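Quick notes on the structure that follows.
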Amino acid sequence: MTRHGKILEYALSSLLRRKYKSLVIIVAFMLTIAALSSVLFLTGSLKNEATLMLQEAPDIIVQRTMAGRHDLIPTGYAEEIKKIRGVGTVSPRYWGYYYDALVEANYTLLGAGSGTETLNLLAGRLPATNSECSLGAGVAELRGSGDSGELILVNSRNTGVLFTVSGIFQTASNLLTNDLVVLTDSALIDFFGFPPGQATDISVEVRNMSEVPTVAAKIRQMFPDTRPITRRELVRTYDMVFNWRSGMMLTVFCAAVISFCIMAWDKATGISAEEKQEIGILKAIGWDTSDVLALKCWEGLIIALSSFMLGITLGFVHIFFFDAFILAAVIKGWSVLFPVFDLTPHLNLFHIFIMGFLSVIPYMACTVLPTWKAAVADPETVMRG
Amino acid sequence: MLKSRVFIFCTIGQMLVIASFFLYGQAKSRADLRGPVREKQELVSRLGLTDFAIWTEARYTRHPSQTDFFSPFQDFPSSPDHFPAGSIIAPVRAAQGETQ
Chain Y
1 MTRHGKILEY ALSSLLRRKY KSLVIIVAFM LTIAALSSVL FLTGSLKNEA
51 TLMLQEAPDI IVQRTMAGRH DLIPTGYAEE IKKIRGVGTV SPRYWGYYYD
101 ALVEANYTLL GAGSGTETLN LLAGRLPATN SECSLGAGVA ELRGSGDSGE
151 LILVNSRNTG VLFTVSGIFQ TASNLLTNDL VVLTDSALID FFGFPPGQAT
201 DISVEVRNMS EVPTVAAKIR QMFPDTRPIT RRELVRTYDM VFNWRSGMML
251 TVFCAAVISF CIMAWDKATG ISAEEKQEIG ILKAIGWDTS DVLALKCWEG
301 LIIALSSFML GITLGFVHIF FFDAFILAAV IKGWSVLFPV FDLTPHLNLF
351 HIFIMGFLSV IPYMACTVLP TWKAAVADPE TVMRG
Chain L
1001 MLKSRVFIFC TIGQMLVIAS FFLYGQAKSR ADLRGPVREK QELVSRLGLT
1051 DFAIWTEARY TRHPSQTDFF SPFQDFPSSP DHFPAGSIIA PVRAAQGETQ
């Protein structure tokens, strides 16, 4: 213990002698880990959030496809689906997209169905009449509707329609409602000029969860031009969207791995003349090869462990305390309305251990291997270079 | 032995910080399950929401779970993906349908 304590003391002194070089390595290593951990924390939390939120999504959504594209569905399909054994409520859903040329943003317009109840995350209430609407916080802020209490949109007949704001969704629900404009079903049908008897899709409630795949298969059999999407598929979609194969993960992961490899390669291909001389002197004054290796092991561990832990801390603070402001700018794309990520921290210990194992151990190995080559050589030869 | 003591102290401090993050995450998850998660679930249930409002630039990025098979190349055959978000999110297998 005392031996290792003294070697550690020497390793720290040695690193402090080369403080600028050590600092640069620590910063580069830390930023690599911070980038990786930020993506892992963000995607992990979004997946977790999706799993929790979508538990309450419709059991089955039935879409109609025409020439491989999503098409409007006849509401008559709903009557037929209702007759399937085990099916509960079947309701046509009316929704669509609206491009607001004024602010160059896309909104999702949604029919609220029946009922004007208040919701916990809605300041106000859902629209009761065709001239009312409820807005996501993003839309309200972009159009200043919170202050004016009004929203003007241009309908499919190119006529401006004035809506009174009956409620604004709270920012806590931004991830779900940021771009929403909720109207009554009839207002939405009129606004988009839906043909009579057509809806965007149909939501189906299934009483027994284990029967969902069977009901979906029956719907597909009854209406071959439809595509039933089950709730399990919704959750699986978000698992896929944020898994390691996603572009976001791959881009950051590849960049991190490449930068780490360059650093490791630089270490592994050789040590500087100064370091060789140091090893030679240490051997000449009586250090064993094992002592020199232990010294380099400690040096590698000090740098790798400090950088790793600082990187994890930075990643966590960035995602959960600063709402992923750097990563958000990267993944924002062309979205004008982009929600603030207020996520519940979801730490996967397995991911952290894997990240630690794949960064700390290789770095230590890269530090020790070239040292071993220098340490087994004759001290005089090493010192002479 | 001063430097090694400082290093060991700092390392333990760092470990405690990471452990506290983990415990904070656990505690916040549990607290959120009782409040905000229920409220969001109520919203999803009432409005029948299916997707996150993260990428609003195109319909297949706004509603990845509702997209059709050819969405990324929707405008004409061999059309490349126009939107940056299309390169960020992974191809959606679920679009092939569970029942097929």
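Read top to bottom, the protein sequences are chains Y and L. In case it helps, the numbering used here puts the first sequence at residues 1 to 385. In case it helps, the numbering used here puts the second sequence at residues 1001 to 1100. Note that the Cβ used here is the ideal one computed from N, Cα and C, for glycine as well. Everything numeric in this text was worked out from a predicted model, so none of it was measured.
Taking the CB atoms as reference points, tell me whether residue i and residue j lie closer together than 7 angstroms.
i         : j          : result
Y/Gly-300 : Y/Thr-367  : yes
Y/Thr-32  : Y/Phe-260  : yes
Y/Met-209 : L/Val-1044 : no
Y/Ile-202 : Y/Pro-92   : yes
Y/Asn-130 : Y/Pro-339  : no
Y/Leu-234 : L/Thr-1011 : no
Y/Phe-242 : Y/Lys-47   : yes
Y/Phe-192 : Y/Ser-166  : no
Y/Gly-333 : L/Glu-1057 : yes
Y/Gly-315 : Y/Ser-45   : no
Y/His-351 : Y/Leu-40   : yes
Y/Tyr-99  : Y/Gly-111  : no
Which word fits residue i, buried or exposed, when buried means at least 16 other C-beta atoms lie within 10 angstroms of its C-beta?
i          : result
Y/Lys-283  : buried
Y/Met-355  : buried
Y/Asp-225  : exposed
Y/Trp-265  : exposed
Y/Met-66   : exposed
Y/Leu-176  : buried
Y/Arg-236  : buried
Y/Leu-183  : buried
Y/Asn-174  : buried
Y/Met-364  : buried
Y/Cys-133  : buried
Y/Gln-63   : buried
L/Pro-1036 : buried
Y/Ala-137  : buried
Y/Asp-185  : buried
Y/Leu-398  : The displayed coordinates of chain Y run from 1 to 385. Any statement about residue 398 of chain Y would go beyond what the structure contains.
L/Ala-1095 : Because L/Ala-1095 sits at a pLDDT of 46, beneath the cut-off of 50, its placement in the model cannot be relied upon, and the following sentence gives the value as read from the coordinates. L/Ala-1095 should be labelled buried.
Y/Glu-49   : buried
Would you kindly report the start and end of the unbroken alpha helix (DSSP H) that includes residue i?
i          : result
Y/Asn-174  : 174-177
Y/Leu-180  : Per DSSP, Y/Leu-180 belongs to no alpha helix (DSSP H); it is in the beta strand (DSSP E), 180-183.
Y/Asn-48   : 19-53
L/Tyr-1060 : 1059-1062
Y/Thr-313  : 289-316
Y/His-351  : 349-375
Y/Asp-239  : 231-241
Y/Ile-326  : 325-331
Y/Leu-162  : From DSSP, Y/Leu-162 is part of no alpha helix (DSSP H) but of the beta strand (DSSP E) over 160-169.
Y/Ala-284  : 273-284
Y/Glu-79   : 76-82
Y/Leu-142  : 137-143
L/Ala-1027 : 1002-1034
In its own chain, which residues sit with a C-beta less than 7 angstroms from the C-beta of residue i, not counting the 5 before and 5 after it?
i          : result
Y/Leu-293  : Val-368, Thr-371, Trp-372 and Ala-375
Y/Trp-298  : Ile-7, Leu-8 and Ala-11
L/Glu-1042 : none
L/Gln-1100 : With a pLDDT of 43 at L/Gln-1100, under the threshold of 50, the modelled position of that residue is not reliable, and the figure given next carries that caveat. Around L/Gln-1100: no qualifying Cβ.
Y/Gly-123  : Contrary to the premise, residue 123 of chain Y reads as Ala rather than Gly in this sequence. Same-chain partners within the cutoff: Gly-167, Ile-168 and Gln-170.
Grab me the residues of residue i's own chain with a C-beta within less than 8 angstroms of its C-beta, minus the 5 sequence neighbours each way, in chain order.
i          : result
Y/Val-360  : Leu-301, Ala-304, Leu-305 and Phe-308
Y/Tyr-97   : Asn-106, Tyr-107, Thr-108 and Leu-109
Y/Glu-380  : Gly-280 and Ala-284
L/Arg-1005 : none
Y/Glu-104  : Val-336
Y/Lys-82   : Val-90
L/Glu-1098 : Note that L/Glu-1098 scores 49 on pLDDT, short of 50, meaning its location in the model is unreliable and no value can be drawn from it.
Y/Arg-220  : Thr-226, Arg-227 and Pro-228
Can you list, in chain order, the residues of its chain with a C-beta nearer than 6 angstroms to that of residue i? Leave out the 5 residues immediately preceding and following it.
i          : result
Y/Ala-140  : Gly-146 and Ile-168
Y/Lys-218  : Ile-84
Y/Thr-230  : Ile-60, Val-212 and Ala-216
Y/Thr-51   : Val-235
Y/Asp-291  : none
L/Ile-1008 : none
Between which two residues does the beta strand (DSSP E) carrying residue i extend?
i         : result
Y/Gln-63  : 60-66
Y/Ile-424 : This structure gives no information on residue 424 of chain Y, because the portion of chain Y shown stretches from 1 to 385.
Y/Ser-406 : The requested residue 406 of chain Y does not occur in the structure, where chain Y is confined to residues 1 to 385.
Y/Pro-195 : No beta strand (DSSP E) holds Y/Pro-195; DSSP gives it neither H nor E.
Y/Gly-88  : 87-93
Y/Glu-56  : Counting along the chain, Y/Glu-56 falls outside any beta strand (DSSP E), and DSSP gives it neither H nor E.
Y/Asp-342 : Looking at the DSSP string, Y/Asp-342 is not in any beta strand (DSSP E), and its letter there is neither H nor E.
Y/Asn-106 : 105-111
- Please name the residues in the stretch 1046-1059 of chain L whose beta-carbon is closer than 9 angstroms to at least one beta-carbon of chain Y, in chain order. Result list: Arg-1046, Leu-1047, Gly-1048, Leu-1049, Thr-1050, Asp-1051, Phe-1052, Ala-1053, Ile-1054, Trp-1055, Thr-1056, Glu-1057, Ala-1058 and Arg-1059.
- Message: Any C-beta of chain Y within less than 9 angstroms: which residues of the stretch 1010-1022 of chain L qualify?
- Response: Those would be Cys-1010, Thr-1011, Gln-1014, Met-1015, Val-1017, Ile-1018, Phe-1021 and Phe-1022, in chain order.
- Task: Determine which residues of the stretch 1026-1037 of chain L have a Cβ less than 7 angstroms from any Cβ of chain Y, and write them out in chain order.
- Result: Correct list: Lys-1028, Ser-1029, Asp-1032, Pro-1036 and Val-1037.
- Query: Which of the residues in the stretch 52-78 of chain Y, read from start to end, lie with their CB under 8 angstroms from any CB of chain L?
  - Reply: From the stretch 52-78 of chain Y, only Leu-52, Met-53, Leu-54, Gln-55, Glu-56, Ala-57, Pro-58, Ile-61, Gln-63, Thr-65, Gly-68, Arg-69 and His-70 have a Cβ closer than 8 angstroms to chain L.
- Listed in chain order, which residues of the stretch 186-199 of chain Y have Cβ atoms closer than 8 angstroms to some Cβ of chain L? So the list is empty, because no residue satisfies the distance condition.
- Task: Scan the stretch 286-314 of chain Y for residues whose Cβ lies nearer than 8 angstroms to a Cβ of chain L and list them as they occur along the chain.
- Result: For the stretch 286-314 of chain Y, the set of positions with a beta-carbon nearer than 8 angstroms to some beta-carbon of chain L reads Ile-302, Leu-305, Ser-306, Met-309, Leu-310, Ile-312 and Thr-313 in chain order.
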